[in-house]
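**Student:** Following this message is one structure expressed as structure tokens.
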Amino acid sequence: MPSNGPSVTRTIAGLDIAHRIEQKFPGAVEGAIPEAATVKADKLAEVCTFLRDDPELKLEFLSSLTAVDQLEYFEVVYHLTSIRLNQMTAIKVKASDRENPRVPSVTPIWPGANLQEREAYDLMGIVFEGHPDLRRVFLWDGFDGWPLRKDYLVGPGGRFPGLERFPGESREPLGGRG
9 MPSNGPSVTR
19 TIAGLDIAHR
29 IEQKFPGAVE
39 GAIPEAATVK
49 ADKLAEVCTF
59 LRDDPELKLE
69 FLSSLTAVDQ
79 LEYFEVVYHL
89 TSIRLNQMTA
99 IKVKASDREN
109 PRVPSVTPIW
119 PGANLQEREA
129 YDLMGIVFEG
139 HPDLRRVFLW
149 DGFDGWPLRK
159 DYLVGPGGRF
169 PGLERFPGES
179 REPLGGRG
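If you're matching positions, the sequence shown starts at 9 in my numbering and goes up one per residue.
Now the structure itself:
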């Protein structure tokens with residue numbers, strides 16, 4: 009008896025998508041974990057085009073693009089979906105270096121990456137090479153720094169991920185003085 013309820017989206021594990029990528033592009037995968045495959049930056053455009061166009065994958069929709077500061081390096085994470093085949097997966101790419109992070113733009117492959125790449129640039133400082141209009145989207149031109157980097161706020165003794173409290177916030181415990 010057919011079900012009238014919603015079907016469950018199939019997740020293609022990182023290890024499985026890494027295997028598929030390696031079959032088509034030997035040496036293109038830098039690593040894989042159950043959640044995602046990490047692709048070498050110089051192979052990103054080829055790999056993403058394959059993931060979009062392969063009839064068994066049809067990952068035509070970039071549902072999310074975000075950046076992660078791993079302290080030693082930055083990575084960009086792509087969540088890809090096939091609406092037609094009801095499946096999804098994730099891939100990652102490491103930025104070229106921490107001082108001048110760069111990765112290829114995927115805007116020619118998924119036009120929806122345009123705004124998402126601009127957001128990652130604006131908040132993390134990652135340059136997406138080949139992007140048609142890479143400029144800040146939330147902050148103003150001339151804003152100093154990249155506020156989502158873990159080293160944006162540096163205090164005594166080195167890096168820390170944030171402030172002890174909000175600026176101007178009282179040091180008194182909640183509820184006042186006794």
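The beta-carbon is built from N, C-alpha and C at its ideal position, and this holds for glycine as well.
1) Check for me: the alpha helix (DSSP H) holding ALA26 runs from which residue to which?
2) Would you tell me roughly how many angstroms separate the C-alpha atoms of PHE146 and PHE33, rounded to the nearest one?
3) In the DSSP assignment, the beta strand (DSSP E) including GLU64 goes from what residue to what residue?
4) Less than 8 angstroms between C-beta atoms, sequence neighbours within five positions excluded: which residues of the same chain meet that for ASN122?
5) What does a CB cutoff of less than 6 angstroms around HIS8 pick up in its chain, not counting 5 residues either side in sequence?
6) Residues in the same chain with beta-carbon distance under 6 angstroms from GLU68, minus the five sequence neighbours each way, listed in chain order, please.
7) Report the three-state DSSP secondary structure of LEU147 (helix, strand or coil).
8) Could you give the DSSP three-state label for THR57: helix, strand or coil?
9) Drop a sphere of 10 angstroms on the beta-carbon of ASP152, count the other beta-carbons inside from all chains shown, and report buried for 16 or more, exposed for fewer.
10) Please check the pair VAL111 and ILE134, which I expect to be a contact at CB under 8 angstroms, by giving their CB distance rounded to whole angstroms.
11) Skipping 5 residues on each side, what residues in its chain have a beta carbon closer than 6 angstroms to that of VAL101?
12) Going by beta-carbon coordinates alone, are LYS158 and ASP105 separated by less than 7 angstroms?
13) Just to confirm before moving on: does the CB-CB distance between PRO42 and ALA26 stay below 7 angstroms?
14) Using CA coordinates, which residue listed in THR74, ARG126, ARG143, PHE82 is at the minimum distance from GLU107?
15) With a CB to CB cut of under 8 angstroms and the five nearest residues on each side skipped, what residues in its chain are close to THR19?
16) State the CB to CB distance for the pair GLN128 and ALA75, rounded to an integer number of angstroms; the pair is presumed to be in contact (CB under 8 angstroms).
**Tutor:** On the basis of the supplied data:
1) Reading the sequence shown from its first residue, position 18 is the one you call residue 26. 22-32 is the extent of the alpha helix (DSSP H) around ALA26.
2) As a working note, residue 146 is residue 138 in the sequence shown. As a working note, residue 33 is residue 25 in the sequence shown. Looking at the two C-alpha atoms, the distance is approximately 37 angstroms.
3) Here residue 64 corresponds to residue number 56 of the sequence shown, with the count starting at 1. GLU64 -> no beta strand (DSSP E), and no H or E assigned at all.
4) Reading the sequence shown from its first residue, position 114 is the one you call residue 122. Only THR115, HIS139, PRO140, ASP141 meet the Cβ criterion.
5) Nothing about residue 8 can be reported from this structure: the residues present for the chain run from 9 to 186 only.
6) In the sequence shown, residue 68 corresponds to position 60, counting from 1. Cβ within range, chain order: ARG60.
7) Residue mapping note: residue 147 aligns to position 139 of the sequence shown, counting from 1. LEU147 falls in the coil class under three-state DSSP.
8) As a working note, residue 57 is residue 49 in the sequence shown. Helix at THR57.
9) Taking the sequence shown and counting its residues from 1, one reaches residue 152 at position 144. Classification for ASP152: exposed.
10) Taking the first residue of the sequence shown as position 1, residue 111 is located at position 103. Taking the first residue of the sequence shown as position 1, residue 134 is located at position 126. About 6 angstroms separates the two Cβ atoms, so the contact holds.
11) As a position in the sequence shown, residue 101 is number 93, starting the count at 1. For VAL101, where only same-chain residues beyond five positions count, the Cβ hits under 6 angstroms are VAL47, ALA49, LEU52, VAL84, VAL111.
12) Numbered from its first residue, the sequence shown carries residue 158 at position 150. Numbered from its first residue, the sequence shown carries residue 105 at position 97. No, Cβ-Cβ distance for LYS158 and ASP105 is not below 7 angstroms.
13) Here residue 42 refers to the residue found at position 34 when the sequence shown is read from its first residue. Here residue 26 refers to the residue found at position 18 when the sequence shown is read from its first residue. Not in contact: PRO42 and ALA26 (Cβ atoms no closer than 7 angstroms).
14) Along the sequence shown, read from residue 1 onward, the residue named residue 107 stands at position 99. Among THR74, ARG126, ARG143, PHE82, the Cα nearest to that of GLU107 belongs to PHE82.
15) For the purposes of this step, residue 19 is taken as residue 11 along the sequence shown, with counting starting at 1. Correct list, in chain order: GLN95, MET96, THR97.
16) As a working note, residue 128 is residue 120 in the sequence shown. As a working note, residue 75 is residue 67 in the sequence shown. According to the sequence as given, residue 128 is Ala; it is not Gln. Indeed they touch by this definition, with Cβ atoms about 4 angstroms apart.
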